[in-house]
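Here the structure is laid out as structure tokens; the discussion comes afterwards.
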Amino acid sequence: MALAHTLGFPRIGRDRELKKAQEAFWRGELDEAGLRAVGRELRAAHWQLQKNAGIDLLPVGDFAWYDQVLTHSLTFGAIPERFRPQDGKPTLHTLFAMARGRSGDACCGGAQGQPGFAQELTKWFDTNYHYLVPEFSADQQFQLSWEQLFEEVDEALALGHKVKPVVIGPLTYLWLGKAKGAEFDKLDLLERLLPVYGEIFQRLAAQGVEWVQIDEPILVLDLPQDWKNAFERAYNILQREPLRKLLATYFGGLEDSLGLAASLPLDGLHIDLVRAPQQYPTILDRLPSYKVLSLGLVNGRNVWRCYLEQALDVLRHAHERLGERLWVAPSCSLLHCPVDLAREDQLDAELKSWLAFAVQKCGEVAVLARALEQPEAPDVLAALSESRAMQASRAASPRIHKPEVQARLKAIGARDAQRLSPFAVRIQKQRAGLDLPLFPTTTIGSFPQTPAIRLARQAFRQGKLSAADYTEAMHSEIRHAVELQEGLGLDVLVHGEAERNDMVEYFAEQLDGYLFTRFGWVQSYGSRCVKPAVIYGDLSRPRPMTVDWIRYAQGLTDKVMKGMLTGPVTMLMWSFPREDVSREEQARQLALAIRDEVVDLERAGIRIVQIDEAAFREGLPLRREQWKSYLDWATEAFRLCASGVRDETQIHTHMCYSEFNDVIESIAAMDADVITIETSRSDMELLDAFEAFEYPNEIGPGVYDIHSPRVPSTEEMVKLMRKAAQRIPAGRLWVNPDCGLKTRGWPETEAALINLVAAARQLRREFA
Ligand code: GLN
Ligand code: ZN
């Protein structure tokens, strides 16, 4: 019998109960006992849901307050000095302080450089989940300091469950952390960390646990040789400890680490066959005959139902070879998909029949396991035939496959992804038409989203505000934004984005081929959850999406009004994509839809269009060898959407992050006339990449950190721009904030923009 297990289950709850309880606790409206009770209820409910779905071995340790990497830091006593409790015993308050900064206020007490600043947040591999980066010092000590895992194991055992505790492996944990203070090699800490793992395994064994899952996803990265060697060292030591150990890898293939992973002295290996199906035959050959092999066949990263028959083909084959040593699972933890499709009571029945969330995915895993044992059982036969029918209906559905979109994609030629003239020619025509001063000033798009704006949008959605009244409310916001920008003396204006809830959802809602869930929440970080839109079919734009708003804004001023769009790569990265066509093809479909919008804006008299690509860099694959292919299609998609216009129309793009070294060539290949980026916090250092590469087009390095309510002075911004001008010719520089201003308040925004315009004027005098 193949055992059905999961690597982890979403912790947030079907109704985001965990978010609500944590936030109530932070506000002082729920006490610690109340918060802990919510956690206990959620864990009990999640184990039961998985068990009911047919999962044999349930995960423990996937629950976390705020973040699971943070839980490990507490467990190991890796608590930065600024949070270390007097008696050495961390509490929930310690944990939340590490996550949110000591005052609990992310903006002030939590800010970098303040005494109680929070640990850094960063993306968990290539997901949209963010973890808290462990901080290590050269004299770092580790000792078991947090009982949560053992308590939760007892809790599950008391409920009568068969459990498999989940821990992040020592190498992955160290890899994810950051060395602070004097320079040293994080690997030097390994020997100090391993005894804590030993202690954990002994404690778990004493509790009656048989298996432990050790997550080492860094095995799918390009690992340096010393880290590979450390794997052997670590697991040779840990093999002496009790428990049967399952090494879990996911988010990609093992490739050059395959032999290593297969041969480590552990009792089982989990591999991700959704992301890397090609590794299956080699693993089968290399796996020692005493080891369990767990196959991740149900996608833990997306919302589609599994093609059961296809998965079963692989399983049957593996079963012949492995027999009892075969396990079945989702590809990775289900943390990355929404909780329960059953909640979606308002979704179109056909679309719903194509989807599976975490609870449904558990059912798929269980059916696959059962199908090996009892292929003729009625429920197995029913599930298989339903899956077959569903796949057939999708493959032929006119709701997915649109001949017009296909024909248009086929007709794309190389010329379509290229502006008419090279930049040097375009920029002359643009300068002649736009008549902008040296160091032109602009903003990134959004202005403060006030409660009044949110209320108006909400009332309109709920049908409490008529379309005419809503339009008037938005027009009034636009008038306010335009008047203000004219008064400030900004050169290139924006309409302010009051009508947008979110830079992806706003466009997704207007495209054909997207669906929306009501409860499809996924944890992003801490108590923050996102509800990505789902691409289900060929994408097209039935009608203009932004033209009326931008045209209205342009009609109010003689200054240049910048149109504002989200780019194809960002649209794709922040949605759940299709699995039946490549990401590349979906990006091209999005690009064509956005291209039409750009052309329509130009026709409406708009002379500058900004196409935001906030997610361009985060799309980079985990393995370097896959970078080129990604960067090729991503830059092509951008160019495709930007190249339908005349030379005179200026295309801007915006990216709000700071590491460009790896992608600078591709940024140049996007060939935007102007790029605005985040630079204020890095003191313009990141412009080094642009300088070294001799980036040819115009750049607006942000001079105002919009993450903070602090108003930078004119002098500060002038200094930053002088630094920029040492790297980029002054004639190619713009002056602008780091990113959109939607999270800021009006008073600080106005004050900062007054200083920004003054800074540009001073620079013009200096550089004239
Ligand atoms: N135009 C968007 C805004 O200003 C850009 C947001 C982003 O880059 N994340 O809000
Ligand atoms: Zn931004």
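Residues in the sequence shown are numbered consecutively from 1, following UniProt numbering. From the three backbone atoms N, C-alpha and C, an ideal C-beta is built for every residue, glycine too. This structure is a prediction, so every number in the text was calculated from the model and none was measured.
Bridge-paired residues (DSSP) for glutamate 135: Lys178
Helix, strand or coil at arginine 14 [DSSP, three-state]: coil
Beta-carbon proximity of alanine 276 to glycine 300, cut-off 7 Å: It is not a contact, given that the beta carbons lie outside the stated cut-off.
Chain-ordered list of residues that sit, by beta carbon, closer than 6 Å to a heavy atom of the ligand ZN: Working through the chain, the matches are Ile444, Ala614, His654, Cys656, Cys739 and Gly740.
Counterpart residues of histidine 270 in DSSP-defined beta bridges: Ala248 and Ser294
Burial state of aspartate 379, where buried means 16 or more other Cβ atoms lie within 10 Å: So aspartate 379 counts as exposed.
7 Å Cβ cutoff met for asparagine 302 and phenylalanine 638: no
Three-pair Cβ contact test at 8 Å for the stretch 209–225 versus the stretch 237–250: yes
Aspartate 491, buried or exposed, once every other Cβ within 10 Å from all chains shown has been counted against 16: buried
Contact under 7 Å by Cβ, glutamine 650 with isoleucine 608: Yes, the pair counts as a contact, with Cβ atoms nearer than the cut-off.
Sheet register partners of aspartate 215 (DSSP bridge): Ile168 and Ala248
Methionine 503 beta carbon near the ligand GLN (any heavy atom closer than 6 Å): yes
Integer Cβ distance of isoleucine 594 from glycine 567, believed to fall under 8 Å: 7 Å
C-alpha gap between serine 331 and serine 145, whole angstroms: 31 Å
Inter-residue Cα distance where the pair is cysteine 108 and serine 73: Confidence at cysteine 108 is low in this model, with a pLDDT of 40, below 50, so its placement is unreliable and the value that follows should be read with caution. So the alpha carbons of these two residues sit roughly 24 Å apart.
One or two residues paired with isoleucine 535 in a DSSP bridge: Isoleucine 535 is bridged by DSSP to Tyr514.
Per-residue DSSP class, three states only, for histidine 495: coil
Beta strand (DSSP E) runs wholly inside the stretch 306–361, at least 3 long, in chain order: 326–330
Buried or exposed (CB count within 10 angstroms, at least 16 for buried), methionine 684: buried
C-alpha distance - glycine 700 paired with leucine 720, whole-angstrom precision: Distance from the CA atom of glycine 700 to the CA atom of leucine 720, rounded to whole angstroms, is 12 Å.
Contacts around arginine 394, its chain only, beta-carbon distance under 8 Å, and the 5 residues preceding and following it disregarded: Trp354, Ile400 and Asp580
Residue environment, histidine 317, which counts as buried when at least 16 other CB atoms sit within 10 Å: By the 16-neighbour rule on beta-carbons within 10 angstroms, histidine 317 is exposed.
Contact test: serine 575 Cβ vs the ligand GLN heavy atom, cutoff 6 Å: no
Spatial distance of leucine 193 from glutamate 17 (CA atoms): 34 Å
Unbroken alpha helix (DSSP H) run spanning tyrosine 525, endpoints: That residue, tyrosine 525, is in no alpha helix (DSSP H); its beta strand (DSSP E) goes 522–525.
Simplified DSSP state of aspartate 558, which is helix, strand or coil: coil
Enclosing alpha helix (DSSP H) for histidine 93 [first to last residue]: 92–100
Stretch pair the stretch 159–172 + the stretch 51–60: three plus CB contacts closer than 8 Å: Taking 8 Å as the limit for Cβ pairs, the verdict is that the stretch 51–60 does touch the stretch 159–172.
Terminal residues of the beta strand (DSSP E) in which aspartate 600 lies: Looking at the DSSP string, aspartate 600 is not in any beta strand (DSSP E); the run it does join, the alpha helix (DSSP H), is 583–603.
Near the ligand GLN: aspartate 612 beta-carbon under 6 Å from a heavy atom: yes
Assigned exposure category for histidine 93 - 16 Cβ within 10 Å defines buried: exposed
Where glycine 110 falls: helix, strand or coil (DSSP): Legend: pLDDT at glycine 110 = 44, less than 50; position of this residue unreliable, no value from coordinates given.
Aspartate 105 versus arginine 325: straight-line alpha-carbon distance, rounded: Below a pLDDT of 50, predicted positions are generally treated as unreliable, and aspartate 105, at 46, falls in that range; no measurement from the model is reported.
Opening and closing residue of the alpha helix (DSSP H) in which isoleucine 283 lies: 280–286
heavy atom of the ligand GLN below 6 Å from serine 708 C-beta: No, since every heavy atom of the ligand GLN falls outside the 6 Å radius drawn around the Cβ of serine 708.
When Leu334, Trp327 and Ala508 are compared against proline 10, the one with the closest alpha-carbon: Selected option, being the one with the closest Cα: Leu334.
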